[in-house]
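Here the structure is laid out as structure tokens; the discussion comes afterwards.
Protein chains: 2
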Amino acid sequence: MPENSLQRLRVILLGSGNVATNLGEALKEADAEIVQVYSRNKANAKVLAKKLKAKVLTDITKIDKRPALIIIAVKDDAIPALVKKMKVTEGIVVHTSGSVSMDVLKKFEQYGVFYPLQTFSKNRKKEFSIVPICIEGSDISTLHSLMNVAETLSDCVYNLDSKQRQAAHLAAVFANNFTNHIYAIAEDLLNEQKLPFDLIRPLIDETAVKVMELSPAEAQTGPAVRKDTKVMNAQIALLKKHPELKKLYNEMSAGIIKRSRKKK
Amino acid sequence: MPENSLQRLRVILLGSGNVATNLGEALKEADAEIVQVYSRNKANAKVLAKKLKAKVLTDITKIDKRPALIIIAVKDDAIPALVKKMKVTEGIVVHTSGSVSMDVLKKFEQYGVFYPLQTFSKNRKKEFSIVPICIEGSDISTLHSLMNVAETLSDCVYNLDSKQRQAAHLAAVFANNFTNHIYAIAEDLLNEQKLPFDLIRPLIDETAVKVMELSPAEAQTGPAVRKDTKVMNAQIALLKKHPELKKLYNEMSAGIIKRSRKKK
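Going down the list, the protein sequences come from chains A and B. Here our numbering is used: the first residue of the first sequence is 1, the next is one more, and so on. Here our numbering is used: the first residue of the second sequence is 265, the next is one more, and so on.
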């Protein structure tokens with residue numbers, strides 16, 4: 001059996017969203033057997049089960065009883081209710097959430113967390129080998145099992161405790177959700193002057209590419225880090241109709257100036 | 265002469281920073297003749313002049329008098345003083361700034377703006393054909409000349425008036441400077457838990473890649489757009505030692521919620 005094969009692994013997948021789909025496909029490609037796929041949405045479960053050559057599970061109490069890795073990849077707030085309905089089975093039960101405590105699974109014998117720190121879309125397949133996977137296990141043996149699965153899928157596996165995982169998730173909300181919101185604000189500012197978002201797409205790309213090698217501190221440019229108050233004041237004046245953006249502009253600029261002082 | 269050649273163009277480059285270097289190299293590659301390179305910093309001017317097979321200009325009053333495209337690519341606040349010292353010459357004088365008005369050049373006969381909307385580094389050569397160039401001209405004939413130069417270098421040329429260019433520059437500050445600052449905040453949050461920035465580099469990359477095709481509104485994910493107050497409250501609690509970040513978290517979340525309502 002090749003090193004990067006999970007041929008002996010039986011997986012039961014609870015969920016049929018973006019994470020379940022991408023993770024299920026990566027496991028399947030690594031030769032794991034996907035036994036069952038469960039979802040509240042039967043149509044979705046069917047589509048994913050077909051893709052993964054798995055059976056559709058419609059009744060959560062009827063999970064296959066033979067030992068398996070059971071992956072709960074549903075929305076955060078749906079986890080507790082789902083866990084409550086699940087019978088205690090052999091094998092390891094994990095969830096894939098960045099923010100939910102591992103303890104939600106403590107009724108099981110072996111449990112843990114398998115959190116892929118990436119943003120997924122169903123129709124954009126991710127190269128899983130570069131997806132960071134954060135794992136946590138209820139005991140050493142569970143941790144080792146999860147480590148083995150994670151390392152087969154990805155070159156970036158991190159063993160994080162719950163506190164670290166929460167910090168990673170918080171950082172991810174800044175780096176993904178808030179960054180995307182900044183893009184949206186920039187789009188609004190362009191549209192006000194009848195300019196297309198295309199105008200700054202290359203800049204957005206380069207901004208991200210730069211920090212693939214540099215640290216954000218090294219990559220920081222612009223009027224704030226130069227303390228160019230003339231440009232900053234002119235830009236704040238442009239935002240006079242947008243008090244919230246004016247406030248945001250001031251706070252971000254103050255943050256950049258403060259951080260650049262610290263670094264010296 | 266091939267269509268994408270500037271063989272007959274004589275260029276005088278004032279400045280030796282990131283913009284001057286990248287623009288000079290792109291012009292040289294399109295066969296323009298770089299006649300002189302001027303910089304306050306003589307060593308820098310020498311390095312760039314050598315690269316571009318140009319002469320070093322040390323005295324700004326001694327600009328070559330034959331018709332040329334004179335490109336002022338110095339810091340925004342250094343433009344007025346430099347212009348004051350320049351003698352009125354034949355040809356077109358442009359600056360490369362996103363925020364400075366075109367009028368700063370009105371003592372010349374033909375003038376304009378040649379603003380490449382990208383973040384440059386001296387040692388990271390940019391593919392210029394995908395750099396958006398925003399141009400403005402003092403009259404139709406000047407505009408056409410600049411359009412011709414810009415279209416030879418890039419596939420994305422925009423004719424913007426000063427008001428539009430200011431909006432584009434403001435959007436660029438959000439999309440580049442503020443986004444990079446968000447990356448820095450995320451790095452701080454990781455470092456506090458002894459986690460490396462590498463953990464979220466793939467996420468940062470994917471966040472940018474997603475909006476190359478989707479609009480930011482379509483790409484928005486996370487607790488705020490889901491109105492998942494449980495996760496949001498837990499994350500705000502994590503920021504109790506950072507009142508400024510707590511404030512930022514609340515403002516960004518409120519902005520995301522507000523914007524998602526508007527879109528419906």
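The beta-carbon is built from N, C-alpha and C at its ideal position, and this holds for glycine as well.
Check distances from the C-beta atoms of the stretch 451-470 of chain B to those of chain A and list, in chain order, the residues that come in under 9 angstroms. So the close ones are E451, D452, L453, L454, E456, Q457, K458, L459, P460, F461, D462, L463, I464, R465, P466, L467, I468, D469 and E470.
Interface partners of I182 (chain A) on chain B, CB under 7 angstroms: Here residue 182 (chain A) refers to the residue found at position 182 when the first sequence is read from its first residue. Correct list: F438, A439, F442, T443 and I446.
Quick check on this structure: which residue in B:L463, B:P460, B:R465 and B:L434 has the alpha carbon closest to the alpha carbon of A186 (chain A)? By one-based count along the first sequence, residue 186 (chain A) stands at place 186. Checked all of B:L463, B:P460, B:R465 and B:L434; the closest Cα to A186 (chain A) is B:L434.
Pull up the DSSP beta-bridge partners for H359 (chain B), would you. In the second sequence, the residue the question calls residue 359 (chain B) occupies position 95. Per DSSP, B:I336 and B:V377.
Could you tell me the alpha carbon to alpha carbon distance between E127 (chain A) and K306 (chain B), rounded to whole angstroms? Taking the first residue of the first sequence as 1, we reach residue 127 (chain A) at position 127. Taking the first residue of the second sequence as 1, we reach residue 306 (chain B) at position 42. In a straight line, the C-alpha of E127 (chain A) is about 48 angstroms away from that of K306 (chain B).
Taking the beta carbon of A81 (chain A) as the centre, do at least 16 other beta carbons fall within 10 Å, making it buried, or is it exposed? For the purposes of this step, residue 81 (chain A) is taken as the residue at position 81 of the first sequence. So A81 (chain A) counts as exposed.
Can you find a C-beta in chain A that's less than 9 angstroms from the C-beta of K494 (chain B)? If you number the second sequence from 1, residue 494 (chain B) lands on position 230. Chain A places a beta carbon closer than 9 angstroms to that of K494 (chain B), counting this residue as a contact.
For a contact meaning CB atoms closer than 9 angstroms, what does L512 (chain B) contact in chain A? As a position in the second sequence, residue 512 (chain B) is number 248, starting the count at 1. Think of a sphere of 9 angstroms around the beta carbon of L512 (chain B): the chain A residues whose beta carbon falls inside it are F174, F178, L248, E251, M252 and G255, in chain order.
Give a yes or no on whether 9 angstroms exceeds the smallest Cβ distance from D340 (chain B) to chain A. Numbered from its first residue, the second sequence carries residue 340 (chain B) at position 76. For D340 (chain B), the answer is yes, since a Cβ of chain A falls inside 9 angstroms of its Cβ.
Per-residue burial, I404 (chain B) [other beta carbons within 10 Å of its own, 16 or more giving buried]: Within the second sequence, numbered from 1, the residue matching residue 404 (chain B) stands at position 140. I404 (chain B) should be labelled exposed.
Can you list, in chain order, the residues of its chain whose CB lies under 8 angstroms from that of F384 (chain B), leaving out five sequence neighbours each side? In the second sequence, counting from the first residue as 1, residue 384 (chain B) sits at position 120. Taking C-beta separations shorter than 8 angstroms and ignoring five residues to either side along the sequence, the partners of F384 (chain B) in its chain run N282, V283, T285, N286 and K390, following chain order.
Examine chain A for any beta-carbon lying closer than 9 angstroms to the beta-carbon of A435 (chain B), and answer yes or no. Counted from its first residue, the second sequence places residue 435 (chain B) at position 171. For A435 (chain B), the nearest beta carbon of chain A is closer than 9 angstroms to its own beta carbon.
Could one say the Cβ of S479 (chain B) lies closer than 9 angstroms to chain A's Cβ atoms, at least one of them? Within the second sequence, numbered from 1, the residue matching residue 479 (chain B) stands at position 215. Taking 9 angstroms as the threshold, the shortest C-beta distance from S479 (chain B) to chain A falls below it.
Taking L333 (chain B) as the reference, which of B:A488, B:K348, B:T406 and B:A309 has the closest Cα? Residue 333 (chain B) sits at position 69 when you count from the first residue of the second sequence. Each of B:A488, B:K348, B:T406 and B:A309 was checked against the Cα of L333 (chain B), and the nearest Cα belongs to B:T406.
Through-space distance from Y183 (chain A) to E477 (chain B), alpha-carbon basis: For the purposes of this step, residue 477 (chain B) is taken as residue 213 along the second sequence, with counting starting at 1. For the purposes of this step, residue 183 (chain A) is taken as residue 183 along the first sequence, with counting starting at 1. The straight-line gap from Cα to Cα measures roughly 13 angstroms.
In the DSSP output, what is L278 (chain B) paired with across the bridge? To locate residue 278 (chain B), count along the second sequence from 1; it is residue 14. Per DSSP, the beta-bridge partners of L278 (chain B) are B:Y302 and B:I336.
Cβ shell of L454 (chain B) (< 8 angstroms), same chain only, five flanking positions each side left out: To locate residue 454 (chain B), count along the second sequence from 1; it is residue 190. Hits under 8 angstroms: P460, F461, L463 and I464.
What residue range is occupied by the uninterrupted beta strand (DSSP E) comprising E136 (chain A)? Stepping through the first sequence from its first residue, residue 136 (chain A) is reached at position 136. Looking at the DSSP string, the run of the beta strand (DSSP E) that includes E136 (chain A) is I133 to G137.
Could you tell me whether the Cβ of K224 (chain B) comes closer than 9 angstroms to any Cβ of chain A? Nothing in the structure corresponds to residue 224 (chain B), since chain B is present only between 265 and 528.
Relative to the C-alpha of T360 (chain B), which candidate in B:M366, B:V347, B:T353 and B:F378 has its C-alpha closest? As a first step, residue 360 (chain B) is located in the second sequence; it is residue number 96 there, counting from the start. Taking T360 (chain B) as reference, the option from B:M366, B:V347, B:T353 and B:F378 with the minimal CA-CA separation is B:F378.
Confirm, please, whether the CB-CB distance from Q220 (chain A) to S260 (chain A) is below 9 angstroms. Position 260 of the first sequence, counted from the first residue, corresponds to residue 260 (chain A). Position 220 of the first sequence, counted from the first residue, corresponds to residue 220 (chain A). At the C-beta level, S260 (chain A) and Q220 (chain A) come within 9 angstroms of one another.
Determine whether the Cβ of V473 (chain B) lies closer than 9 angstroms to any Cβ atom of chain A. On the second sequence, position 209 is the one that residue 473 (chain B) refers to. Interface with chain A (9 angstroms Cβ-Cβ cutoff): V473 (chain B) is included.
Which bits of chain A does L502 (chain B) rub up against, with CB to CB less than 8 angstroms? Taking the first residue of the second sequence as 1, we reach residue 502 (chain B) at position 238. Chain A residues near L502 (chain B): Q166, A167 and L170.
By DSSP, does K246 (chain A) sit in helix, in strand, or in coil? What you label residue 246 (chain A) is simply residue 246 of the first sequence in a count that begins at 1. DSSP places K246 (chain A) in helix when its eight states are reduced to three.
With distance defined between alpha-carbon atoms, name the residue in A:K227, A:K46 and A:R10 nearest to D31 (chain A). The residue labelled residue 31 (chain A) in the question sits at position 31 within the first sequence. Ranking the options by Cα distance to D31 (chain A), first place goes to A:R10.
Considering only C-alpha positions, which residue in the set B:S418, B:K510 and B:G279 is nearest to E293 (chain B)? Here residue 293 (chain B) refers to the residue found at position 29 of the second sequence. Of B:S418, B:K510 and B:G279, the residue nearest in Cα terms is B:S418.
Beta strand (DSSP E) segments (min. 3 residues) lying fully within the stretch 418-502 of chain B: If one requires a minimum length of 3 residues, the beta strand (DSSP E) runs lying completely within the stretch 418-502 of chain B are 421-423, in chain order.
Check this for me: beta carbons of A208 (chain A) and I256 (chain A), under 9 angstroms apart or not? On the first sequence, residue 208 (chain A) is found 208 positions in, with the first residue counted as 1. On the first sequence, residue 256 (chain A) is found 256 positions in, with the first residue counted as 1. No; because the gap between Cβ atoms is not below 9 angstroms, this pair is not in contact.
Hey, Y302 (chain B) and I276 (chain B): beta-carbon distance below 9 angstroms or not? Within the second sequence, residue 302 (chain B) is the residue found at index 38, counting from 1. Within the second sequence, residue 276 (chain B) is the residue found at index 12, counting from 1. Yes.
Can you look up L321 (chain B) in the DSSP assignment and give me helix, strand or coil? Walking along the second sequence from the start, residue 321 (chain B) turns up at place 57. In this structure, L321 (chain B) counts as strand in the three-state DSSP scheme.
Simplified DSSP state of M1 (chain A), which is helix, strand or coil: To locate residue 1 (chain A), count along the first sequence from 1; it is residue 1. Any reading at M1 (chain A) is ruled out, since the residue's pLDDT is 40, under 50, leaving its predicted position unreliable.
Put S517 (chain B) into one of helix, strand or coil per three-state DSSP. Translated into positions along the second sequence, residue 517 (chain B) becomes position 253. If DSSP states are grouped into helix, strand and coil, S517 (chain B) belongs with the helices.
State yes or no: is the beta carbon of A498 (chain B) nearer than 9 angstroms to at least one beta carbon in chain A? Within the second sequence, residue 498 (chain B) is the residue found at index 234, counting from 1. Contacts with chain A at 9 angstroms (Cβ-Cβ) include A498 (chain B).
Just to confirm, are E288 (chain B) and K315 (chain B) a CB contact at a threshold of 9 angstroms? Mapped onto the second sequence, residue 288 (chain B) falls at position 24. Mapped onto the second sequence, residue 315 (chain B) falls at position 51. What sits at residue 288 (chain B) in the sequence shown is Gly, not Glu. Taking the C-beta atoms as reference points, K315 (chain B) is found nearer than 9 angstroms to G288 (chain B).
Helix, strand or coil at E33 (chain A) [DSSP, three-state]: Along the first sequence, one-based indexing puts residue 33 (chain A) at 33. In this structure, DSSP gives E33 (chain A) an extended state, which the three-state scheme calls strand.
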